[in-house]
Amino acid sequence: PAIAKITATGEQTLYFLQGHGELSLEANETQPSLSQAIAALTSQGYITEPLNLVTSEAVPDDAAAVVVAAPSTPLFEAEVERLQAYLNQGGRLLALVPPLTETGLDPIASDWGIELVADVVVDVSQVAQVVGAGPVVVLVTTYGDHPITRPLQAQNLMSFFPLARSLQGPAENATPLLLSSRESWGEIDTETERFEFDPEADLQGPLTLGYALSRSANPEASGEASAEDEAPEARLVIIGNAAFASDGNFRQLGNGDLFLNAVNWLADRSSLIAIQPKSATDRRFALTAQNINGLAILSTFILPLVALGGGG
Numbered sequence: 010p011a012i013a014k015i016t017a018t019g020e021q022t023l024y025f026l027q028g029h030g031e032l033s034l035e036a037n038e039t040q041p042s043l044s045q046a047i048a049a050l051t052s053q054g055y056i057t058e059p060l061n062l063v064t065s066e067a068v069p070d071d072a073a074a075v076v077v078a079a080p081s082t083p084l085f086e087a088e089v090e091r092l093q094a095y096l097n098q099g100g101r102l103l104a105l106v107p108p109l110t111e112t113g114l115d116p117i118a119s120d121w122g123i124e125l126v127a128d129v130v131v132d133v134s135q136v137a138q139v140v141g142a143g144p145v146v147v148l149v150t151t152y153g154d155h156p157i158t159r160p161l162q163a164q165n166l167m168s169f170f171p172l173a174r175s176l177q178g179p180a181e182n183a184t185p186l187l188l189s190s191r192e193s194w195g196e197i198d199t200e201t202e203r204f205e206f207d208p209e210a211d212l213q214g215p216l217t218l219g220y221a222l223s224r225s226a227n228p229e230a231s232g233e234a235s236a237e238d239e240a241p242e243a244r245l246v247i248i249g250n251a252a253f254a255s256d257g258n259f260r261q262l263g264n265g266d267l268f269l270n271a272v273n274w275l276a277d278r279s280s281l282i283a284i285q286p287k288s289a290t291d292r293r294f295a296l297t298a299q300n301i302n303g304l305a306i307l308s309t310f311i312l313p314l315v316a317l318g319g320g321g
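For what it's worth, this note's numbering labels the leading residue of the sequence shown as 10, then goes sequentially.
Have a look at this one:
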């Protein structure tokens, strides 16, 4: 199960966990969707399939990677254990874990040395203000040195994350991918009616919004050790936001490139890690009402505070 099987046509299969209100795989007017991301993955030769780890006892053997995109209710313990078993066998996981939600993924993050901080990152940088982003839309211009993000850094390509949490290490074999500005902070009081940095409680930026991690597989932990098997490399990409990859945001700035590069690194398809050709209009930054409503941020924490204008 450690190394994904590749079909005769060179296609690899990605599995998207479903069953807990994750982002929809098909275009959907009533809830956020990954349909644009799915179309881009298909064009790169991936097969995308839903995965229910309640009814399936294990991640399928042909999985190039598994994506968990913003579950709105916690995964069951058995599901988490099945994901951990998959990783222990050299699996590859992309976890998109936005704030204000209990996802049940904390044990996996913790096992890899990462803490999912219970905050919301506030960005009041000048760059964010110039492009018309509100305080809970984090604009990233600084990236870690990693194959996923090097192309974005090389082209000074920004990415943005509407409603993000920070992540903390230090973790072994971990590379920070996404760094917020110095004028950002992690707001711990997520029910506040006014954003104001509290040096005694809040986390001062720059903050890490995503990590890429790798380590040797540990099949013994799953009870499937074999003396003849060479331990493959398990990989995890974890990002404290999912909206960056959703319809309406995926094609703007470097968001889609970040998502595709993360998947391609996980799936060992380094030749596809790049900046995808786009028209100039696809690079503009414009948070429309549809984008914002798609985030489904209905709590009193966000709605009274943020009036995001379209920019660009």
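In this text, a Cβ means the ideal position worked out from N, Cα and C, and glycines have one as well. Note that the structure is predicted; figures quoted are calculated from it, not measured.
Thinking C-alpha only, which one of Ser-175, Leu-186, Ala-163 and Glu-111 is nearest Gly-195?
-> As a position in the sequence shown, residue 195 is number 186, starting the count at 1. For the residues Ser-175, Leu-186, Ala-163 and Glu-111, the minimum Cα distance to Gly-195 belongs to Ser-175.
Member of Tyr-24, Gly-30, Glu-31 and Leu-262 whose CA lies at the smallest distance from the CA of Val-147 = Locating residue 147 in the sequence shown gives position 138, where the first residue counts as 1. Of the listed residues, the one whose Cα sits closest to Val-147 is Leu-262.
Secondary structure of Leu-202, DSSP reduced to three states | Residue numbering aside, residue 202 sits at position 193 when the sequence shown is read from its first letter. It is worth fixing the name first, because residue 202 is Glu in this sequence and not Leu. Glu-202 falls in the coil class under three-state DSSP.
Would you mind sorting Pro-144 into buried or exposed? The rule is 16 or more other CB atoms within 10 Å of its CB.
-> Within the sequence shown, the letter at position 135 stands for residue 144. Buried.
On the DSSP bridge assignment, give the partners of Ser-168 in chain order.
-> Position 159 of the sequence shown holds residue 168. Looking at the DSSP output, Ser-168 sits in a beta bridge with Val-149.
Buried or exposed (CB count within 10 angstroms, at least 16 for buried), Asp-207 | Your numbering for residue 207 matches position 198 in the sequence shown. By the 16-neighbour rule on beta-carbons within 10 angstroms, Asp-207 is exposed.
Exposed unless 16 or more other CB atoms sit within 10 angstroms - verdict on Asn-250 | Start at 1 with the first residue of the sequence shown, and residue 250 comes out as number 241. With 16 or more other Cβ atoms within 10 Å, it is buried.
Among Thr-22, Pro-286 and Ile-248, which has the Cα closest to the Cα of Tyr-55?
-> Numbered from 1 along the sequence shown, position 46 holds the residue referred to as residue 55. Nearest neighbour of Tyr-55 by Cα position, chosen from Thr-22, Pro-286 and Ile-248, turns out to be Thr-22.
Return the chain-ordered list of same chain residues with a C-beta closer than 7 Å to the C-beta of Ile-247, the five sequence neighbours on each side being excluded.
-> Translated into the one-based positions of the sequence shown, residue 247 becomes position 238. Result list for Ile-247: Ala-104, Val-106, Ala-118, Ile-123, Leu-176, Gly-219 and Tyr-220, in chain order.
Can you give the beta carbon distance from Ser-255 to Gly-214, rounded, assuming they're within the 8 Å contact cut?
-> Here residue 255 refers to the residue found at position 246 of the sequence shown. Here residue 214 refers to the residue found at position 205 of the sequence shown. In this structure Ser-255 does not touch Gly-214 by the C-beta definition: roughly 24 Å separates them, more than the 8 Å allowed.
Which listed residue (Leu-92, Ala-48, Leu-43 and Glu-35) has its alpha carbon closest to that of Ala-61 = If you number the sequence shown from 1, residue 61 lands on position 52. Note on identity: in this sequence residue 61 is Asn, with Ala being the wrong assignment. Selected option, being the one with the closest Cα: Leu-92.
Where are the alpha helix (DSSP H) runs, 4 residues long or more, that stay fully inside the segment 240 to 289, in chain order?
-> Within the segment 240 to 289, the complete alpha helix (DSSP H) runs of at least 4 residues are 264 to 275.
Backbone CA spacing between Glu-20 and Asn-165 [nearest angstrom] = The sequence position of residue 20 within the sequence shown is 11, counting from 1. The sequence position of residue 165 within the sequence shown is 156, counting from 1. Rounded to whole angstroms, Glu-20 and Asn-165 show a C-alpha spacing of 31 Å.
If we count Cβ pairs, one from each stretch, closer than 8 Å, do we get three or more for the segment 34 to 45 versus the segment 82 to 98?
-> Too few Cβ pairs lie closer than 8 Å, so no.
Report all residues from its chain with a CB closer than 8 Å to the CB of Gln-27; omit the five preceding and five following residues, and keep chain order.
-> On the sequence shown, residue 27 is found 18 positions in, with the first residue counted as 1. Excluding sequence neighbours, Gln-27 sits near Leu-34, Pro-59, Leu-60 and Asn-61.
With a 10 Å radius around its C-beta and 16 neighbouring C-beta atoms as the bar for buried, classify Pro-171 as buried or exposed.
-> Here residue 171 is taken as the residue at index 162 of the sequence shown, counted from 1. Pro-171 is buried by the Cβ-count criterion.
Cβ shell of Gly-99 (< 6 Å), same chain only, five flanking positions each side left out = Here the question's residue 99 lines up with position 90 in the sequence shown. Ala-11, Ala-226, Pro-241 and Ala-243.
Since Ala-271 contacts Ile-197 with CB under 8 Å, what's their CB separation in whole angstroms?
-> If you number the sequence shown from 1, residue 271 lands on position 262. If you number the sequence shown from 1, residue 197 lands on position 188. Rounded, the Cβ-Cβ distance is 27 Å, inconsistent with contact.
Helix, strand or coil: how does DSSP classify Ala-173 here?
-> Within the sequence shown, the letter at position 164 stands for residue 173. Coil, per DSSP.
Note the first and the last residue of the continuous beta strand (DSSP E) segment covering Ile-56.
-> Here the question's residue 56 lines up with position 47 in the sequence shown. Note, Ile-56: beta strand (DSSP E), 55 to 60.
Report all residues from its chain with a CB closer than 7 Å to the CB of Leu-186; omit the five preceding and five following residues, and keep chain order.
-> As a first step, residue 186 is located in the sequence shown; it is residue number 177 there, counting from the start. Cβ within range, chain order: Tyr-152, Gly-153, His-155, Ile-157, Thr-158, Gly-219, Tyr-220 and Ala-221.
With distances taken from CA atoms, which of Val-129, Val-63, Ala-48 and Asp-120 is nearest Thr-199?
-> Your numbering for residue 199 matches position 190 in the sequence shown. With distances taken between Cα atoms, Thr-199 lies closest to Val-129.
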